[in-house]
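In my numbering, the protein residues as written are -5 to 227.
The C-beta atom is built at its ideal place from N, Cα and C for all residues, glycine as well.
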Amino acid sequence: MSWALVTGSSARGGAAISRRLHAAGLNIVAHHSPRSKDATAALVAELNALRPDSARPWEADLAVPFDVPVWLRDLAPEHCICNASVYRPSQLDDTARASEDLSVHVLAHATILMALQDGLRSVVGVGDIHVERPPRGHVWYTVSKAGLQALLMTLAVEWAPRVRCNVVAPGALPFPPDWSDPEREKAVLRSIPLGRLGTFDELAETVKWLTLDASYVTGQVLALDGGRRRWLA
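If you want it as structure tokens, here you go:
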């Protein structure tokens, strides 16, 4: 049975991706940060209840230097979903945000991919449509998501034909629980030609397609945004 590593698997999109890939027959290594240990333990227990010994947790803080453990290297996952993310406001002179965002989005995933490259067959990054249409006030988030996209587009060439590398770039997905700005929510919805938010199930299905089904697709950035990128143009 093939294994897939999903970074940032504890909640929202990462949990949906883990469940969808597991339902498609893959075993899951569910990466999580130290603060998400309990949520990931529950996810792993849920998946193992469906199919014994089909999921394992891996704790690592991607914002600081870390080692990919020997057991994970030996497991040799064939698929890696680069989903872990941080989303906070920042300006150009915010050096703390620059360090964390670049570490989590780019450097950590590069470290993981370097360690696992011999066994990999597909890599999917979760990007953002705002790489092409940058918003105000999120400088280092946008720059670092662009870095992840550039990393995978480069590896699509460097690692071909053995490994396929693609990016899914979501637009507006369900708002975080702490987002309480009804007027801004309405403004976001008005900017989406299809008139609604995307869902985490739609994100997970797109990732599953790129991971398992899209055998002649590599080096692509697929917008999952209800047409919002065109509205923002």
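| Item | Value |
| --- | --- |
| Which of helix, strand or coil DSSP assigns to S209 | coil |
| Opposing strand residues paired with G119 [DSSP bridges] | C76 and V161 |
| Touching by the beta-carbon criterion (3+ pairs, under 8 Å), the segment 163 to 175 and the segment 191 to 203 | yes |
| Per-residue burial, W52 [other beta carbons within 10 Å of its own, 16 or more giving buried] | buried |
| Stretch-stretch touch, CB-based, cutoff 8 Å, three pairs: the segment 57 to 66 with the segment 33 to 49 | no |
| Where A24 falls: helix, strand or coil (DSSP) | strand |
| Residue environment, T212, which counts as buried when at least 16 other CB atoms sit within 10 Å | buried |
| Whole-angstrom C-beta distance between L41 and H73, which should lie under 8 Å | Not really, about 15 Å apart at Cβ, beyond 8 Å. |
| Buried or exposed (CB count within 10 angstroms, at least 16 for buried), E94 | buried |
| Sequence-distant residues of the same chain with beta carbon closer than 7 Å to L37, five excluded per side | S3, S4, A9, S12 and A24 |
| Continuous beta strand (DSSP E) stretch holding A217: start and end | V215 to L218 |
| W65, DSSP secondary structure in three states | helix |
| Member of V151, P187, V137 and S(-4) whose CA lies at the smallest distance from the CA of D88 | V137 |
| Same chain, Cβ closer than 8 Å to A208, five either side skipped, listed in chain order | R158 and N160 |
| G113 versus Q214 - alpha carbon distance | 21 Å |
| Nearest to R224 (by Cα), restricted to the options K180, A154, Y81 and H124 | H124 |
| For R29, the three-state DSSP class (helix, strand or coil) | helix |
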